[in-house]
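Worksheet: the structure to be examined is printed underneath.
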Amino acid sequence: PEYYAKIHGDYAQFTDGFVAYSDGCHDDVNKVIWSQRGWDTQKNVRDILIEYSQFFFGKNIAIESADGILALEQNWLGPLKANGSVETTFSFWKNLEKQNPELQNNWRWLLLQLRAEYDNYVRRRLIYEKDLEKQANMILENINEENYNQKMNLALLKINEAETKPISQNLKSNIVKYCDDLFKIIGLQTSVELYQASGAQRGCILDFVDHPLNNRWWYQDELKKINELKNVSEKIEHLKTIRDWENPGVGSYYDDISNIANSPHVTTTVFDAVDFVWLDDGKSRIRLSSQVYQNDPILEYENLDPNARYILRLTGYGDALLRIDGERLEPTLYNKEIEQFKEFIVPKRVVGDGKITVTFDRPEESNINWRDYSRISDVWLIKR
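Counting in the working numbering, the sequence shown runs without a single skipped number right up to 433 at its last residue.
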């Protein structure tokens with residue numbers, strides 16, 4: 050609601066009148082924010098939410114509900130793993146639910162409960178599944194011709210524990226029940242298969258409730274490719290690439306360009322730069338970092354070794370017109386497909402002051418569909 054109020058405030062001055070369009074029941078709160086701000090651009094967001102809660106839930110819990118809605122918005126700020134308030138907000142809404150059983154058939158109330166439950170389930174899974182991936186990569190340490198096959202299988206078993214040993218299934222059961230209740234009450238279609246939604250991208254949150262939050266699908270596919278290789282040395286090198294993807298070594302740096310939790314050198318923010326790729330109806334098996342991107346990110350590096358040689362490596366799709374400190378560089382490796390590498394040698398002269406700025410020019414692509422525009426997903430600065 051605070052974010053939608055800001056959007057309204059930024060653009061209302063350029064419009065004459067307004068329409069409180071809603072894309073569906075799920076954005077009922079923001080529709081009301083938009084409508085109220087349309088009549089009074091200065092009206093306080095919390096006051097609007099108190100009125101909303103009083104009208105739909107009752108005067109006795111209006112303030113608590115309004116503050117709970119604002120807390121739900123905080124769930125989406127910053128890196129999810131570090132956001133402990135998600136768990137607190139979940140507990141807050143569970144207590145409200147227990148105290149107000151008469152609202153169990155109120156669809157607006159159920160949507161808020163669902164949001165709190167879903168956010169917390171996602172956060173718990175994220176922490177658990179990313180740790181499994183970390184453990185899988187550690188298993189791949191010290192691989193050689195004698196142990197690579199055993200370690201490869203053990204790593205796959207570990208990362209797959211997200212499916213074989215799932216956590217917080219009580220939360221998932223509650224999510225399933227909320228979705229079923231909402232379908233019965235207002236026909237909310239959160240699944241293509243169960244509730245005949247028109248497409249996976251149309252709010253089908255139930256179909257994605259267990260969507261991987263680590264790279265296990267990519268892991269599975271890459272290990273299949275490795276098994277098909279004949280040369281053992283190639284197999285080991287491929288395993289090292291998987292293991293070291295996010296850990297290029299001492300003195301080197303990695304940025305998952307569009308992941309706020311893993312992009313310390315990126316200065317272009319999630320609000321003005323990031324977009325996502327919709328492939329295979331949302332069930333793409335490529336790396337999670339490859340499913341989000343920026344067209345022209347900016348990265349700032351400091352404390353570099355002025356006497357070292359560096360290579361800048363990146364993945365994405367299409368072209369990458371790269372500049373370092375404003376100087377356009379020519380690649381030494383230039384693969385255009387997803388998860389294939391491009392490489393550029395960083396001129397030693399630009400590292401003399403211990404810092405560099407990496408930018409990208411946008412290629413001329415007006416002749417193609419925007420879905421096929423060039424994009425950047427991962428960037429490494431590798432010390433040689």
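Quick reminder that beta carbons are idealized off the backbone N, C-alpha and C, glycines included.
Comparing C-alpha positions only, which one of the options sits nearest to residue i?
i: E376; options: K391, A357, R398 and I417; result: R398
i: H170; options: L328, I97, K284 and N124; result: Note on residue identity: the sequence assigns Tyr, not His, to residue 170. Looking at the Cα atoms, N124 is the closest of the given residues.
i: E190; options: A204, L181, E178 and D180; result: A204
i: T90; options: A131, M201, F141 and A54; result: A54
i: L231; options: C74, I417, R433 and L129; result: C74
i: N352; options: T317, A369, D345 and I405; result: I405
i: P380; options: Y366, G252, L361 and V225; result: L361
i: Y177; options: A61, M201 and L129; result: L129
i: N109; options: E151, N79, A185 and V81; result: E151
i: E166; options: N209, A120, I208 and E195; result: A120
i: S426; options: A111, I306 and E182; result: I306
i: T434; options: N79, H287, E349 and Q340; result: Look at the range of the chain in this structure, 50 to 433, and you will see that residue 434 is not part of it.
i: P346; options: R336, H314, V326 and D354; result: H314
i: I99; options: W266, I112 and K92; result: I112
i: Q184; options: I224, I216 and R265; result: R265
i: R372; options: Q343, E388 and T408; result: T408
i: V341; options: D354, V326, D330 and K332; result: V326
i: R172; options: L145, E136, S301 and F141; result: E136
Just how far apart, CA to CA, sit residue i and residue j?
i: Q148; j: S114; result: 12 Å
i: F393; j: N384; result: 12 Å
i: D410; j: Y422; result: 13 Å
i: E403; j: P396; result: As written in the sequence, residue 403 is Gly, which differs from the Glu given in the question. Near 12 Å, if we compare the C-alpha coordinates of P396 and G403.
i: Q162; j: R424; result: 37 Å
i: L237; j: G133; result: 30 Å
i: S415; j: V281; result: 45 Å
i: G66; j: D116; result: 29 Å
i: C228; j: E122; result: 20 Å
i: N356; j: R433; result: 11 Å
i: A69; j: S102; result: 19 Å
i: T364; j: F390; result: 5 Å
i: H260; j: K289; result: 26 Å
i: E386; j: E271; result: 16 Å
i: S71; j: Y197; result: 54 Å
i: G367; j: L159; result: 44 Å
i: N219; j: L255; result: 15 Å
i: A211; j: T64; result: 49 Å
i: Q153; j: S222; result: 16 Å
i: F139; j: A131; result: 15 Å
i: F105; j: R95; result: 15 Å
i: P50; j: I82; result: 6 Å
i: S240; j: S247; result: 9 Å
i: N308; j: E277; result: 32 Å
i: K274; j: N296; result: 22 Å
i: E413; j: I192; result: 44 Å
i: R358; j: G298; result: 14 Å
i: D304; j: I431; result: 12 Å
i: R251; j: I118; result: 23 Å
i: L181; j: R336; result: 15 Å
i: V78; j: L328; result: 30 Å
i: K143; j: N155; result: 15 Å
i: F257; j: V400; result: 45 Å
i: Q434; j: K179; result: With the chain covering 50 to 433 only, the question about residue 434 has no answer from this structure.
i: M187; j: K279; result: 25 Å
Across which residues does DSSP place residue i in a beta bridge pair?
i: F393; result: L361
i: Y60; result: Paired residues: none, contrary to the question.
i: D410; result: L370
i: E376; result: I373
i: L382; result: E392
i: I405; result: Y350
Which stretch, first to last residue, makes up the beta strand (DSSP E) that contains residue i?
i: F67; result: It is not in any beta strand (DSSP E) - F67 carries neither H nor E in the DSSP assignment.
i: R424; result: R424 to K432
i: I24; result: This structure cannot settle anything about residue 24, because the visible part of the chain is limited to 50 through 433.
Would you mind reading off the limits of the alpha helix (DSSP H) that contains residue i?
i: D304; result: Note, D304: premise wrong, no alpha helix (DSSP H); beta strand (DSSP E) at Y302 to D305.
i: T137; result: S134 to Q148
i: R86; result: D77 to W88
i: S114; result: A111 to Q123
i: V241; result: V241 to Y244
Segments assigned alpha helix (DSSP H), at least 4 residues, entirely inside the region 158–233: Within the region 158–233, the complete alpha helix (DSSP H) runs of at least 4 residues are 197–208 and 210–213.
key: Complete alpha helix (DSSP H) runs within the region 272–357 (minimum length 4 residues, chain order)   = DSSP runs (the alpha helix (DSSP H)) wholly in the region 272–357: 281–292.
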